[in-house]
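Below is one structure, written out as structure tokens; the observations come after it.
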Amino acid sequence: MAAGNFGTAYTSTLPLVNTAGGAASVRLDLCGNCGAPAATATATVGAMSKVDLDVAGLFGLTGPFTGYVRVNPQGASGVTGCVTFSQAGSLCSLPLQRPEADWSLAGNLVS
50 MAAGNFGTAY TSTLPLVNTA GGAASVRLDL CGNCGAPAAT ATATVGAMSK VDLDVAGLFG
110 LTGPFTGYVR VNPQGASGVT GCVTFSQAGS LCSLPLQRPE ADWSLAGNLV S
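Every letter in the sequence shown is one number past the one before it in my numbering, and letter 87, counting from 1, is 136.
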């Protein structure tokens with residue numbers, strides 16, 4: 050996650066999708082680069098719905114921050130998503146990874 054680091058204004062958005070027939074309450078832990086939790090939030094994703102969460106607003110970030118968000122669906126199935134970074138009209142999106150994943154494929158799209 051990042052919020053305007055190195056003097057360049059950019060934002061991070063966390064779109065979450067719930068493909069299941071019931072609502073899902075997810076716990077979101079903002080962690081620094083070393084893995085230490087810095088903040089926690091919760092979000093509800095309705096059945097067969099999508100929410101777009103602004104990372105800075107969700108965690109109350111007021112300055113630069115780098116790290117990652119740990120998404121815990123708390124037993125709900127069907128929750129997936131990605132993280133999207135935007136800066137001056139350019140976008141980059143990376144998929145969420147499961148804890149048991151031993152590899153990932155990260156496509157980088159820039160416009």
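Even for Gly, the Cβ is constructed at its ideal location relative to N, Cα and C.
So residue i and residue j are in contact, right, with Cβ under 8 Å, and what is the actual spacing, rounded?
| i | j | result |
| --- | --- | --- |
| Arg-76 | Thr-91 | 6 Å |
| Asp-103 | Thr-60 | 7 Å |
| Ala-72 | Thr-93 | 6 Å |
| Ala-125 | Ala-96 | That belief does not hold up - the Cβ atoms of Ala-125 and Ala-96 are roughly 10 Å apart, past 8 Å. |
Is DSSP giving residue i helix, strand or coil here?
| i | result |
| --- | --- |
| Leu-107 | helix |
| Leu-145 | coil |
| Ala-73 | strand |
| Thr-133 | strand |
| Thr-60 | strand |
May I have a chain-ordered list of the alpha helix (DSSP H) segments no shorter than 4 residues that lie completely inside the segment 75-125? 104-108
Is there contact here, the segment 105-125 with the segment 71-85, by at least three beta-carbon pairs under 8 Å? yes
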